[in-house]
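What follows is one structure encoded as structure tokens, with my remarks underneath.
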Amino acid sequence: MALLRHAARVAWKDLRIELRSREIVYTMAFFGGLLVVIFSFAFPRDVRAVRGAVPGMLWVAIALAGTIGLGRAFDRERENDTMRALLLAPVPRLAVFLGKAIATTVLVLAVAVVCAPMLAWLLDAPLFAYPGPLVLVVVLGAVGIAVIGSVFAATLLKVRSRDVLLPVILYPLLVPLFVAGTSSTSAQVAEFPNLDAAWYWIEFLGIYDSAFLVLSVWVFESLVIE
Amino acid sequence: MKKLAVPLLAVLAAIGLAVSVYLVFYDAPLEYSRNAELQLNGSSLFFNQKIVYFHVGHAFWLFGAVFVSGLSSIAFLKTRNPRWDDIASASTDVAVAFGAVVLFTGSVWAKAAWDVWWKWEPRLTMSLLLWLILVGYVLVRRFAGPSADRIASGMAIFGMVVVPFVYVMVGEGNSHPQAAPGLNPSEGVVGKISPGMRPALWLSVASFLCWYVALLISRVQSTRAERELRELRERGFDLGVLS
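From first to last, the protein sequence lines stand for chains A and B.
For the record, in the first sequence the residue sitting at position 205 is 229 according to our numbering, with numbers rising by one throughout.
For the record, in the second sequence the residue sitting at position 91 is 93 according to our numbering, with numbers rising by one throughout.
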């Protein structure tokens, strides 16, 4: 499909810039790593108590790093005034949005790839006990954050207090995603893992992502004019 | 006639509220506990349940206001007519106020009935998240500059879609064992209300409808006036008449 091809091209443009400069991915990954270290100090030394908090730590790191990544990705467009060029290009606006969402997903996943092993290592949590569900839930969570985040980051492009407004808008809308992500992860990490619950929440995430992908596709044109 | 709408509705709401207060305290029966253990201990009557008449009245129109706001936002994005945006903004302001009342009365009821101020119980969680989305809408409108109406409309529409997910997420209508940690059977569901309480409940819901509409109309008038003033000032600046 031409739309997906255009979207892939936009995404590859962003990712290629990232690969050359590594600006966003290094800062996001380091930020995620720092968060994990802070969490390690913030919670008591009792290993069992901390283990229950590990899913939350992972998802908080993903959430915060995702917001930073979204802000930076669109900041770059605004600083170089390339947003207008993207919108003037002879590709459907939707392809631009999807391309940005794909690129953001990859960046968020890069952060998760750094944070999850750090958590497993520093806090001795069996995060990778069930790698299949873990990978799936993190990927679905990253997609959800990227899709909804791209809509609002694009809309907030020229707004003055965009750095603080993006989390204000994004986090309440993302709460079901975080609840599903943490519930699924904690079902996998628990002392007596409950894979049924883990898969239930993964299905919930899948439906949530699909619904918001469709809604974003409908609404994107109206929200992002300039 | 239009000028009379707000005072008329406000008077209706006041009368309705007065009558429903009378009904609540003198006519509606006390709720009995269905919990055998509580009945054994002698505390089978719940006076604190009477807050439900105000709590549910506000909650009904909280959801109504959110619905109105979401639909107006869709109409605004489709037609770009700023009058729809006025309605959406006004309805959300009223929804924030109603939401605060719902959360506060819910919290007071929770302390009286369950001895905790807050519980991650389906209705409370859903109301809190919805309220946070609404407060975000108000903040965006205030601080996002000229394109605030567009961004806020997007938020309202996304908020409307998030609500069913929150509903499922907290386990209402969901029989999965892990789906709703800490779920407790809640009291005061409209369908389960005993017949003796229904007149008071429906009267209070109707009074709060009049109250909601009165607030909405006056808030829309104020939002519209602000917008027209802003547009006039911009035209004045453009024409060089103002400096």
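From the three backbone atoms N, C-alpha and C, an ideal C-beta is built for every residue, glycine too.
Asked                                                                                                                        : Found
Neighbour-count burial assignment, L10/B, 16 or more Cβ in a 10 Å radius                                                     : exposed
Separation of G56/A from F236/A, as counted between CA atoms                                                                 : 26 Å
L131/A beta carbon less than 7 Å from that of V49/A                                                                          : yes
Inter-stretch contact at 8 Å, needing at least 3 Cβ pairs: the region 58 to 70 of chain B / the region 101 to 121 of chain B : yes
Straight-line gap, P79/A to A211/A (C-alpha atoms, nearest Å)                                                                : 9 Å
Residues of the region 98 to 112 of chain B whose Cβ lies closer than 8 Å to any Cβ of chain A, in chain order               : none
Residue from V74/A, R46/A, L43/A and L82/A whose Cα sits closest to the Cα of L58/A                                          : L82/A
Proximal residues to L197/A (C-beta, below 7 Å), its chain only, five neighbours per side dropped                            : I172
Element boundaries [alpha helix (DSSP H), containing V103/B]                                                                 : P84 to W116
Reduced DSSP category for P114/A - H, G, I as helix; E, B as strand; rest coil                                               : coil
Among V68/B, K121/B, A227/B and S149/B, nearest to L82/B - alpha-carbon criterion                                            : What sits at residue 82/B in the sequence shown is Arg, not Leu. Selected option, being the one with the closest Cα: S149/B.
For P200/A and A214/A, the rounded distance between their alpha carbons                                                      : 21 Å
Counted within 10 angstroms of its Cβ, other Cβ atoms place Y259/A as buried (16 or more) or exposed                         : Since the displayed chain A opens at 25 and closes at 250, residue 259/A lies outside it and no answer follows.
Under 9 Å (Cβ pairs) to chain B, residues found in the region 214 to 240 of chain A                                          : N218, D220, A221, A222, Y224, W225, F228, I231, Y232, A235, F236, L239 and S240
Chain A contact residues for L79/B, given Cβ-Cβ distances below 8 Å                                                          : V243, S246 and L247
8 Å Cβ shell around A134/A - same chain, five flanking residues per side excluded                                            : V49, M52 and A53
Cutoff 7 Å; reference F176/A; Cβ partners in own chain excluding five residues on either side                                : L190, I193 and L194
Proximity test, Cβ basis, 7 Å: G147/B and chain A                                                                            : yes
The region 81 to 98 of chain B in contact with the region 135 to 146 of chain B per 3-pair CB rule at 8 Å                    : yes
Interface flag, I169/A vs chain B, CB-CB below 7 Å                                                                           : no
Cβ contact check for the region 198 to 207 of chain B and the region 64 to 78 of chain B: 3 or more pairs under 8 Å          : no
Beta-carbon gap between R152/B and L112/A smaller than 7 Å                                                                   : no
Test: I153/B CB closer than 7 Å to a CB of chain A                                                                           : yes
V135/A at chain B interface by Cβ criterion, 7 Å                                                                             : no
Buried or exposed (CB count within 10 angstroms, at least 16 for buried), G156/A                                             : exposed
Backbone secondary structure at D105/A - three-state DSSP                                                                    : coil
Residue interval of the alpha helix (DSSP H) (run including D233/A)                                                          : L219 to L247
Chain B contact residues for F55/A, given Cβ-Cβ distances below 7 Å                                                          : The premise fails here: F55/A is roughly 24 Å from chain B at the closest Cβ pair, so nothing lies under 7 Å.
Residues near I159/B in its chain [Cβ-Cβ closer than 7 Å; skip 5 each side]                                                  : G72, S75 and I76
Sequence-distant residues of its chain with Cβ nearer than 6 Å to M142/A (five each side left out)                           : G57 and V60
Beta carbon proximity, G175/B to chain A, threshold 7 Å                                                                      : Only weak support is given to the placement of G175/B: the predicted model assigns it a pLDDT of 38, under 50, and the question is left unresolved by the model.
Beta-carbon proximity check, A35/A vs A119/A, cutoff 7 Å                                                                     : no
Within-7 Å CB hit, P196/A to chain B                                                                                         : yes
C-alpha gap between S79/B and T179/A, whole angstroms                                                                        : Note on residue identity: the sequence assigns Leu, not Ser, to residue 79/B. Those two C-alpha atoms are separated by around 13 Å.
Short CB-CB distance (under 7 Å) between T91/A and chain B                                                                   : no
Environment of G190/B [buried if 16+ CB atoms lie within 10 Å]                                                               : Note that G190/B scores 37 on pLDDT, short of 50, meaning its location in the model is unreliable; the coordinates nonetheless yield the value given after this. The residue is buried, with at least 16 neighbouring Cβ atoms inside 10 Å.
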